[in-house]
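Report on the following structure.
Protein chains: 2
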Amino acid sequence: MREKVLINDVGPRDGLQNQQRVLRVEQRVQIIRGLLKAGVRSVEAGAFVSPKAVPAMAHTDQVLAGIAGDSGVDRQVLIPNAKGYELARDAGANTVVLVICATETMNQRNVRMSVEDSLAQAQGIFQAAQADGIRAVGCIAVAWQCPFEGATDPGKVMDLAGRLFEFGADDVNIADTIGAANPMAVRSLMGALAREYGAQRLACHFHDTRALALGNIYAALDADVRKFDSAIGGIGGCPFAPGATGNAASEDVVMLLEQMGFDTGIDLIALMEVGSMVGSMLDVPTGGRADTWRRLQVEKDAPLT
Amino acid sequence: MREKVLINDVGPRDGLQNQQRVLRVEQRVQIIRGLLKAGVRSVEAGAFVSPKAVPAMAHTDQVLAGIAGDSGVDRQVLIPNAKGYELARDAGANTVVLVICATETMNQRNVRMSVEDSLAQAQGIFQAAQADGIRAVGCIAVAWQCPFEGATDPGKVMDLAGRLFEFGADDVNIADTIGAANPMAVRSLMGALAREYGAQRLACHFHDTRALALGNIYAALDADVRKFDSAIGGIGGCPFAPGATGNAASEDVVMLLEQMGFDTGIDLIALMEVGSMVGSMLDVPTGGRADTWRRLQVEKDAPLT
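Protein sequences, first through last, are from chains R and U.
Take 135 as the starting number for the first sequence in the working numbering and just add one per residue.
Take 135 as the starting number for the second sequence in the working numbering and just add one per residue.
So this is what it looks like as structure tokens:
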């Protein structure tokens with residue numbers, strides 16, 4: 135029995151929110167259906183944020199409607215506040231993700247609130263979610279490095295995670311929003327969080343800005359984390375965080391994990407086809423280096439494991 | 135006091151040997167001088183191989199002559215055999231690097247010899263090097279994965295390393311020639327080698343084919359390895375190993391190490407300028423993601439550490 139690792143594909147949200155081209159609802163549904171068909175069991179399907187601020191996330195309710203019915207699939211959505219929570223609940227999301235930044239400056243830029251106000255808001259939302267039977271994830275952004283304040287105090291992240299759990303978060307997702315974490319810092323912070331709160335309730339979210347996403351995932355695995363965000367094609371980046379580039383590419387993350395003997399449940403070839411489709415839809419080169427593996431595989435030269 | 139890590143820049147050899155454009159001796163010297171000026175203390179300056187088979191490595195003696203005189207610099211050269219050794223010695227190399235492949239098929243393709251014959255040859259060369267006061271490095275290629283035979287038996291690598299040390303190798307360099315190793319396999323093999331032979335006599339050489347070079351370096355660091363090959367600009371690849379793409383980019387490796395608190399002695403900005411120069415000389419896009427860091431740095435948004 136290989137050990138399971140859960141991939142949550144955030145491409146339909148984090149990947150699409152900041153592209154030149156805004157995809158239609160049908161295209162967003164087509165991407166998610168492709169991901170599910172490849173074996174992905176958890177997707178961040180969209181966000182209930184202002185369609186004026188983030189036009190690419192408009193009509194997330196219709197996207198959720200388009201993928202309703204698949205049982206055993208976690209349909210997550212990002213919500214910025216209590217109103218977003220209500221929209222998500224009414225649209226049938228299984229899981230809501232609420233982001234709190236570990237630094238004041240970034241939190242102000244992201245949601246125009248102090249961290250303390252964001253926490254108070256989280257408490258109300260998590261209580262409502264518990265009552266409604268909806269899973270709640272608290273995501274701590276800029277957990278290692280903030281584009282405005284520099285290195286983030288690990289103690290601050292520890293405290294924030296504790297309060298999010300206390301307020302009813304089912305999971306806490308630790309995010310390297312700008313891709314500036316390094317494996318030693320990841321091993322250290324995730325190890326401390328895992329000892330304090332248990333690794334099974336933790337997830338990680340890495341960007342590949344400095345080519346370190348896979349190294350950071352390995353370091354988090356070493357701290358017993360078994361849940362990771364990644365985005366099909368490595369698309370993405372935060373519109374409010376300077377320097378944030380693509381997410382860890384799902385294709386590369388699956389390749390890494392399967393090669394190391396973990397079971398993602400995902401068919402890599404099928405996943406790569408979804409990646410190509412996304413690249414065509416957006417008319418951008420999609421990242422990910424797993425295609426090198428595919429080429430080798432076709433040549434029967436270098437098996438995956 | 136930060137812990138030191140030694141970077142051996144193999145760009146002038148592994149990086150240039152398989153390019154469309156063959157550089158002139160003056161250009162090769164200019165690259166190496168740039169590296170040394172940036173603080174690099176060890177370079178693989180060239181190879182004494184057949185100029186017919188690898189025209190880019192012709193006149194390595196002139197390259198060595200062009201960089202003679204810098205004290206405290208390790209001027210390594212690759213040699214395929216005893217004749218290569220004599221040429222290297224006469225040309226003033228400090229260190230000779232002899233490659234043995236961990237699999238029979240790859241060794242045959244590389245040097246048209248059995249592994250056993252390569253070992254016998256290594257013994258003679260290492261003895262001569264010892265007598266001549268020249269440092270000898272035994273490099274074990276395809277140490278994790280062979281493009282022809284698949285996964286490499288770690289026991290085979292352990293045995294080969296033991297015999298190379300026994301024959302007088304000062305260091306043994308463990309090479310992931312096609313960039314197919316993963317961090318767990320690296321941690322495991324380098325940990326076993328370090329326990330058996332001591333980490334201070336080991337080095338690693340990674341290619342970035344699957345975007346795992348930095349993750350693999352972190353895993354090797356975790357096994358106490360403190361010597362790494364990398365190539366300026368991430369250029370390179372083995373002409374005889376299908377699927378081998380660029381080396382770990384020196385810029386990225388320095389960024390990773392410095393960010394994690396190690397001391398490479400290398401000025402990253404100066405190194406990146408050498409990388410741009412190499413890209414212009416070869417008319418190829420050079421790899422490496424450290425330029426993202428530079429951009430962030432200039433914006434004063436995300437400090438390196």
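The beta-carbon is built from N, C-alpha and C at its ideal position, and this holds for glycine as well.
Note that this is a predicted model, so its numbers are computed, not measured.
Can you check which of these residues, the options, is closest to residue i by C-alpha distance?
i	options	result
Asp266/R	Asn228/R, Asp143/R and Asp417/R	Asn228/R
Val387/U	Ile213/U, Ile351/U and Thr311/U	Ile351/U
Ala263/R	Thr343/R, Asp305/R, Arg243/R and Met394/R	Asp305/R
Asp310/U	Met318/U, His339/U and Met324/U	His339/U
Ala314/R	Leu348/R, Ala254/R and Arg158/R	Leu348/R
Val359/R	Arg158/R, Ala187/R, Asn215/R and Ser322/R	Ser322/R
Glu220/R	Gly368/R, Ala326/R, Phe260/R and Ala328/R	Phe260/R
Ala337/R	Asn316/R, Leu327/R and Phe362/R	Phe362/R
Ala216/R	Arg209/R, Val245/R and Asp208/R	Val245/R
Arg147/U	Ser248/U, Ala303/U, Ser252/U and Gly368/U	Gly368/U
Leu141/R	Thr420/R, Asn381/R and Pro419/R	The sequence given here has Ile at residue 141/R, not Leu. Taking only the C-alpha atoms, the option nearest Ile141/R is Asn381/R.
Gly289/R	Gly258/R, Met324/R, Ile268/R and Met318/R	Met324/R
Ala319/R	Asp251/R, Ala333/R, Met394/R and Asp287/R	Asp287/R
Arg209/R	Ser248/R, Ile268/R, Ala254/R and Gln334/R	Ile268/R
Arg175/R	Cys280/R, Ala333/R, Ser364/R and His341/R	Ser364/R
Please work out which residues of its chain come closer than 6 Å, Cβ to Cβ, to residue i, disregarding the five sequence neighbours upstream and downstream, and give them in chain order.
i	result
Ile366/R	Asp143, Gly145, Ser384, Val408, Gly409 and Val412
Gln153/U	Leu416
Ala225/R	Asp195 and Leu198
Pro185/U	Ala192
Arg335/U	Asp305
Ala333/U	Asp358 and Val359
CB-CB under 8 Å to residue i, same chain, minus the five flanking residues each way: which ones, in chain order?
i	result
Gln161/U	Met415
Met173/U	The residue you asked about is not Met; residue 173/U is Gly in the sequence shown. Closer than 8 Å at the Cβ level, and outside the excluded window around Gly173/U, lie Thr398, Gly399, Ile400, Asp401, Ala404 and Leu405.
Phe282/R	Thr237, Thr239, Met240 and Arg243
Arg158/R	none
Pro373/R	Residue placement at Pro373/R is flagged as unreliable, the pLDDT there being 49, under the threshold of 50; the coordinate-derived value follows with that caveat. Cβ neighbours of Pro373/R beyond the five flanking positions: Gln151, Asn152 and Val188.
Val139/R	Leu355, Arg360, Lys361, Phe362, Leu391, Phe396, Asp397 and Thr398
Which residues in the same chain have their Cβ closer than 7 Å to the Cβ of residue i, if we skip the five residues on either side of it in sequence?
i	result
Val163/U	Val197, Gly200 and Ile201
Ala256/R	Leu232, Ile234, Gly272, Leu298 and Phe301
Asp222/U	First, the residue type needs correcting, since residue 222/U is Ala and not Asp in the sequence shown. Once the five neighbours on either side are set aside, the close Cβ partners of Ala222/U are Phe182, Val211, Ile213 and Val230.
Arg155/R	Leu416 and Asp417
Asp356/U	Arg321
Leu169/R	Asp143, Val177, Ile366 and Val408
Asn316/U	Leu346
Met292/U	Ala326, Leu327 and Glu330
Ser252/U	Ile234, Asn241 and Val245
Met247/U	Asn241
Report the CB separation of residue i from residue j in whole angstroms; it is logged as a contact under 8 Å.
i	j	result
Ala285/R	Ala236/R	Contact doesn't hold; Cβ gap of about 11 Å is too wide.
Met191/R	Gly180/R	5 Å
Phe396/U	Arg167/U	Their Cβ separation, rounded to whole angstroms, is 25 Å, which puts Phe396/U and Arg167/U out of contact at 8 Å.
Ala353/R	Tyr331/R	Their Cβ separation, rounded to whole angstroms, is 18 Å, which puts Ala353/R and Tyr331/R out of contact at 8 Å.
Gly218/U	Gly370/U	Their Cβ separation, rounded to whole angstroms, is 20 Å, which puts Gly218/U and Gly370/U out of contact at 8 Å.
Ala277/R	Ile312/R	Wrong, their Cβ atoms sit about 10 Å apart, outside the cutoff.
Ala270/U	Ala303/U	5 Å
Val188/U	Gln151/U	5 Å
Which residues, in chain order, does the stretch 313–330 of chain R contribute to contact with chain U at a C-beta distance below 7 Å? Ala314, Asn316, Pro317 and Met318
Members of the stretch 347–360 of chain R that neighbour chain U once the beta carbon cut-off is set at 9 Å: Ala347, Leu348, Gly349, Asn350, Ile351, Tyr352, Ala353, Leu355 and Asp356
Taking a Cβ distance cut-off of 7 Å, strictly less, list which residues of the stretch 331–345 of chain R are near chain U, in chain order. Thr343, Arg344 and Ala345
Near-chain U residues of the stretch 259–278 of chain R (beta-carbon distance less than 7 Å), N- to C-terminal order: none
Quick one, which residues of the stretch 385–406 of chain R are near chain U if we go by CB-CB under 8 Å, in chain order? Asp386, Met389, Leu390, Gln393, Met394 and Gly395
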